[in-house]
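Right, one structure below, let's go through it.
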Amino acid sequence: MKNNLQVEAIRALRDYQAATPLGHICIIPRALGYGEEGIVWEARLYKKGLMGPLKVTELALEAIGAPPEWLVRSQEMVRLLTEAYPMPTPAIIAEAEKIAALPEAEKREAATREL
Numbered sequence: 002m003k004n005n006l007q008v009e010a011i012r013a014l015r016d017y018q019a020a021t022p023l024g025h026i027c028i029i030p031r032a033l034g035y036g037e038e039g040i041v042w043e044a045r046l047y048k049k050g051l052m053g054p055l056k057v058t059e060l061a062l063e064a065i066g067a068p069p070e071w072l073v074r075s076q077e078m079v080r081l082l083t084e085a086y087p088m089p090t091p092a093i094i095a096e097a098e099k100i101a102a103l104p105e106a107e108k109r110e111a112a113t114r115e116l
């Protein structure tokens, strides 16, 4: 799988810090529900004194004393991570389901063919 992130984008992800004395933004992976494959990336805002995360919005950023530019930057970080770690394509999932439905002997044969 080819990674499309450029060096500048990787540095931006590494250096991304969005914190103020009143709260911070985290970009985290979230697993999809039961029976679904993959993860989605989410930007969440945590404000001190509140239980649980908030959606990153201009109003939420104002509540922690953060500049509004952080909204665009956090959305860009989510986009970069989604590109770097995409969900499996439906063709890959369909192939895996097809192999899983085979009898054991044919599964071993299919696995050795792929190697």
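Going by the working numbering, the sequence shown opens with residue 2, and the numbers climb by one from there. Here a beta-carbon is modelled for each residue, glycine too, at the ideal position from N, C-alpha and C. Predicted model, so just to flag it, every value in this text is computed and none were measured.
Taking all protein chains shown into account, decide if Gly-39 is buried (16 or more other Cβ within 10 angstroms of its Cβ) or exposed. Its Cβ having fewer than 16 others within 10 Å, Gly-39 is exposed.
According to DSSP, simplified to helix, strand and coil, what is Leu-23? DSSP places Leu-23 in coil when its eight states are reduced to three.
Check each candidate in His-25, Ala-44, Gly-53 and name the one with the smallest Cα separation from Arg-31. Put simply, of His-25, Ala-44, Gly-53 the residue whose alpha carbon is nearest the alpha carbon of Arg-31 is Ala-44.
If I follow the unbroken alpha helix (DSSP H) through Ala-102, where does it start and stop? Per DSSP, Ala-102 lies in no alpha helix (DSSP H) and is assigned neither H nor E.
Straight-line gap, Lys-3 to Glu-77 (C-alpha atoms, nearest Å): Its pLDDT being 47, under 50, Lys-3 is placed unreliably in this model, and the coordinates cannot settle the point.
Determine whether the Cβ of Glu-84 lies closer than 9 Å to any Cβ atom of chain D. Chain labels in this structure do not include chain D; a single protein chain is all it has.
Could you check if Gly-66 is buried or exposed, using at least 16 other CB atoms within 10 Å of its CB as the buried criterion? Label assigned to Gly-66: exposed.
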